[in-house]
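According to the numbering used here, the sequence shown is numbered sequentially starting from 6.
First up is the structure itself, then whatever we jot down about it.
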Amino acid sequence: MTFPKLFGANSTAMSKTSRQFIPALALVGLVLGAGLSPSIAADSVGFNQNAALRLVNDFRAENGVGPVQIDERLMQVASTQSDAMADQDRLGHSVAGSLSSRVRGSGVTYSAIAENVGAGQSSFSGAMDRWMRSPVHRQNILRSNLTSIGFAGAQAGGKIYWTEVFSASPGGFMSAL
Numbered sequence: 006m007t008f009p010k011l012f013g014a015n016s017t018a019m020s021k022t023s024r025q026f027i028p029a030l031a032l033v034g035l036v037l038g039a040g041l042s043p044s045i046a047a048d049s050v051g052f053n054q055n056a057a058l059r060l061v062n063d064f065r066a067e068n069g070v071g072p073v074q075i076d077e078r079l080m081q082v083a084s085t086q087s088d089a090m091a092d093q094d095r096l097g098h099s100v101a102g103s104l105s106s107r108v109r110g111s112g113v114t115y116s117a118i119a120e121n122v123g124a125g126q127s128s129f130s131g132a133m134d135r136w137m138r139s140p141v142h143r144q145n146i147l148r149s150n151l152t153s154i155g156f157a158g159a160q161a162g163g164k165i166y167w168t169e170v171f172s173a174s175p176g177g178f179m180s181a182l
């Protein structure tokens, strides 16, 4: 059995580049053939929550707005969103589901909610700086009726995704009815 020459009329051997490319191509074929898609594993980003809360509350105070308090349920909502954005390498407000469904699912009742998301900043203070300079994000931070907060960051592929979630009516639980 003879095979046609694939690498040029005078080529009897594969080039070094071709030899390196074929195993990578085989791996992609194996992954796709198995019905799997390559994904990036997200890692939570550690940062000082008290310092982050102070940063938010100092900014609110400078603008005549009362403080927010950390709500652990909103912390989880923010973490879920940041993890989903990092896993999918996609910035957006509905990557882990709509904000309202995520907050309701956490057991928080609310009369108002807001969310800021960002990517690429190496620290929470960097994300806050960017949000404070954006009119829409700044408005979310300064809404006086929002008194509870959760925030988180997740990293994948060297990029950090940040989420900040606010709600009114802290401490409320949804009815099981």
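C-beta: ideal position from N, C-alpha, C; glycine also.
Values in this document were obtained by computation on a predicted structure and should not be read as measured data.
Using alpha carbons as the reference points, say which of the options lies closest to residue i.
i    : options                   : result
V5   : V100, L104, A159 and F129 : As shown, the chain starts at 6 and ends at 182. That puts residue 5 outside it, with no answer to give.
N2   : S149, S128 and Y166       : Residue numbering for the chain in the displayed model covers 6 to 182; residue 2 lies beyond these limits and cannot be assessed.
A157 : M80, N68, V70 and V73     : M80
K164 : Q126, G155 and N145       : Q126
E120 : G155, V73 and R135        : G155
Applying the 10 Å Cβ sphere with the 16-neighbour rule, what's the burial state of residue i?
i    : result
T168 : buried
S172 : buried
D190 : One cannot answer for residue 190 here, as it falls past the ends of the chain, which runs 6 to 182.
S84  : buried
S87  : buried
Tell me the rounded alpha-carbon separation between residue i and residue j.
i    : j    : result
R65  : T152 : 11 Å
S130 : R59  : 11 Å
R109 : S99  : 14 Å
Who are the Cβ neighbours of residue i in its own chain at under 7 Å, not counting the five residues just before and after it?
i    : result
S174 : T114, Y115 and S116
Looking only at its chain, what residues have a beta carbon closer than 8 Å to the beta carbon of residue i, apart from the 5 residues adjacent to it on each side?
i    : result
L96  : M90, V122, G123, A124 and Y166
M137 : F64, R143 and I146
What residues are listed by DSSP as bridge partners for residue i?
i    : result
Y115 : Answer is none; Y115 lacks a bridge partner.
A167 : Residue 167 is actually Trp in this sequence, not Ala. Paired residue(s): G123 and G158.
Q144 : DSSP, once it has assigned bridges, lists no residue as partnering Q144.
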